[in-house]
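Undergrad: Numbering (my numbering), first residue to last: 73 to 350.
Backbone N, C-alpha and C define an ideal beta-carbon position, used for all residues, glycine too.
The model shown is predicted, which means the values in this text are computed figures rather than measured ones.
Next up is a structure, given as structure tokens.
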């Protein structure tokens, strides 16, 4: 489904029946909405939620900001703009507020949404994220795979995704190579735009630190982080939880910068418990 929000087109998908507690899922840097595992979404639906996932600007089937002539510089934007996109999508959905869940850059957008539009956020769940680009810095190996040159074709993109997952994924859990391969192929076929990912990365870099804004929140909050995350190290999660008054910190040994299948029931239960409080 498509929505016009904050001046752009947003592609989104709805799971569950109307009337369920609204949960909005925000994905991370360069990741399309299909990055949210449907198995995890099904668990949330089974616990009484209506769940929406969507493509952020510059990925998937939402608006890309590549200049039409390929020459003019693309307009810069910040995470605040992406938070406003999210609020605009909620308007289209008819949701005055929602339980907001963000992963990685999606967690940063969720934080910005709670700061800019506090009435729209019933509860905030920030997963493998950070309050600022200088907190929880990536390891050297993770930076190397993140900054690798773009793939030149579909096969290389799939191989690169598998190689990246081996570096930033969860060392305590067996890697689901079949799922990583399938998702990489689907993402390439939906929309392959390395320049869009670069613009998202710039948005992270220029958006500054949200710590002071987070300290002013009065929303039930959950922070989930892998203890072995090499891309956003554990400091990012602890700093987020320390900044938000009353936030609960849930960490998992062996979890890296992904969502391991064995943890889906625990994560879904924690989100549902928080939503019940909200």
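Look up residue 198 in the DSSP assignment and give the residues it is bridged to.
TA: As a first step, residue 198 must be located in the chain shown, where it is residue number 126. Paired residue(s): 174, 295.
Undergrad: Considering only C-alpha positions, which residue in the set 163, 328, 138, 289 is nearest to residue 244?
TA: Here residue 244 corresponds to residue number 172 of the chain shown, with the count starting at 1. Cα-wise, what sits closest to residue 244 is 328.
Undergrad: Do you know offhand how far residue 194's Cα is from residue 167's?
TA: On the chain shown, residue 194 is found 122 positions in, with the first residue counted as 1. On the chain shown, residue 167 is found 95 positions in, with the first residue counted as 1. Cα to Cα, residue 194 sits roughly 11 Å from residue 167.
Undergrad: Determine contact between the stretch 172–191 and the stretch 155–163, defined as no fewer than three beta-carbon pairs at a distance below 8 Å.
TA: These segments touch.
Undergrad: Hey, quick one: how far does the beta strand (DSSP E) through residue 122 stretch, first residue to last?
TA: Here residue 122 refers to the residue found at position 50 of the chain shown. Where residue 122 is concerned, the enclosing beta strand (DSSP E) stretches over 121–126.
Undergrad: Which residue's Cα is closest to the Cα of residue 238: 218, 309, 223, 225?
TA: By 1-based counting over the chain shown, the position of residue 238 is 166. The option with the nearest alpha carbon to residue 238 is 218.
Undergrad: At a cut of 8 Å, does the stretch 283–300 reach the stretch 264–272 through at least three beta carbon pairs?
TA: No, they do not touch.
Undergrad: For my contact list, residue 234 and residue 253 are in at a C-beta cut-off of 8 Å; report their separation, rounded to the angstrom.
TA: As a first step, residue 234 must be located in the chain shown, where it is residue number 162. As a first step, residue 253 must be located in the chain shown, where it is residue number 181. Confirmed, about 6 Å.
Undergrad: Count the other C-beta atoms from every protein chain shown that fall within 10 angstroms of the C-beta of residue 178, then say buried if there are 16 or more, exposed otherwise.
TA: As a first step, residue 178 must be located in the chain shown, where it is residue number 106. Buried, because 16 or more other Cβ atoms sit within 10 Å of the Cβ of residue 178.
Undergrad: Could you tell me which of 86, 163, 106 sits nearest to residue 77, measuring between CA atoms?
TA: The residue given as residue 77 occupies position 5 in the chain shown. Of the candidates 86, 163, 106, the one whose C-alpha sits nearest the C-alpha of residue 77 is 163.
Undergrad: Pop quiz: residue 305 and residue 192 are said to be a contact at Cβ under 8 Å. What is the actual Cβ separation, rounded to whole angstroms?
TA: If you number the chain shown from 1, residue 305 lands on position 233. If you number the chain shown from 1, residue 192 lands on position 120. No, residue 305 and residue 192 are not in contact; Cβ-Cβ is about 30 Å, not under 8 Å.
Undergrad: What are the boundary residues of the alpha helix (DSSP H) that includes residue 345?
TA: Translated into the one-based positions of the chain shown, residue 345 becomes position 273. Looking at the DSSP string, the run of the alpha helix (DSSP H) that includes residue 345 is 336–349.
Undergrad: In whole angstroms, give me the CA-to-CA distance for residue 125 and residue 213.
TA: What you label residue 125 is simply residue 53 of the chain shown in a count that begins at 1. What you label residue 213 is simply residue 141 of the chain shown in a count that begins at 1. If you take the alpha carbons of residue 125 and residue 213, they lie about 30 Å apart.
Undergrad: If I follow the unbroken alpha helix (DSSP H) through residue 310, where does it start and stop?
TA: Sequence index remark: in the chain shown, residue 310 carries index 238 (1-based). Here the alpha helix (DSSP H) through residue 310 covers 306–315.
Undergrad: State the CB to CB distance for the pair residue 311 and residue 207, rounded to an integer number of angstroms; the pair is presumed to be in contact (CB under 8 Å).
TA: If you number the chain shown from 1, residue 311 lands on position 239. If you number the chain shown from 1, residue 207 lands on position 135. That pair is a contact at about 5 Å.
Undergrad: If distances are taken between C-alpha atoms only, which option among 80, 109, 248, 89 comes closest to residue 339?
TA: Translated into the one-based positions of the chain shown, residue 339 becomes position 267. The candidate whose alpha carbon is nearest that of residue 339 is 109.
Undergrad: Determine the burial state of residue 197: buried for a count of at least 16 other Cβ atoms within 10 Å of its Cβ, exposed for fewer.
TA: On the chain shown, position 125 is the one that residue 197 refers to. Flag for residue 197 reads buried.
Undergrad: On the CB-based measure, 16 or more other CB atoms within 10 Å of its CB, does residue 91 come out buried or exposed?
TA: The sequence position of residue 91 within the chain shown is 19, counting from 1. By the 10 Å Cβ count, residue 91 comes out exposed.
Undergrad: What residue from 102, 128, 255 has the CA that sits closest to residue 96's CA?
TA: Numbered from its first residue, the chain shown carries residue 96 at position 24. It is 128 whose Cα lies nearest to the Cα of residue 96.
Undergrad: How many Å lie between residue 350 and residue 121 at the Cα?
TA: As a working note, residue 350 is residue 278 in the chain shown. As a working note, residue 121 is residue 49 in the chain shown. Answer to the nearest angstrom: the Cα atoms are 13 Å apart.
Undergrad: Taking the alpha-carbon positions, what's the residue 134 to residue 153 distance?
TA: Here residue 134 refers to the residue found at position 62 of the chain shown. Here residue 153 refers to the residue found at position 81 of the chain shown. Distance between the alpha carbons of residue 134 and residue 153 is about 14 Å.
Undergrad: Short check: CB of residue 87 to CB of residue 113, under 7 Å?
TA: Numbered from 1 along the chain shown, position 15 holds the residue referred to as residue 87. Numbered from 1 along the chain shown, position 41 holds the residue referred to as residue 113. Yes, Cβ-Cβ distance for residue 87 and residue 113 is below 7 Å.
Undergrad: Would the beta-carbon of residue 203 fall within 7 Å of that of residue 283?
TA: Position 131 of the chain shown, counted from the start, is the residue given in the question as residue 203. Position 211 of the chain shown, counted from the start, is the residue given in the question as residue 283. Against a cut-off of 7 Å, the Cβ pair of residue 283 and residue 203 comes out as a contact.
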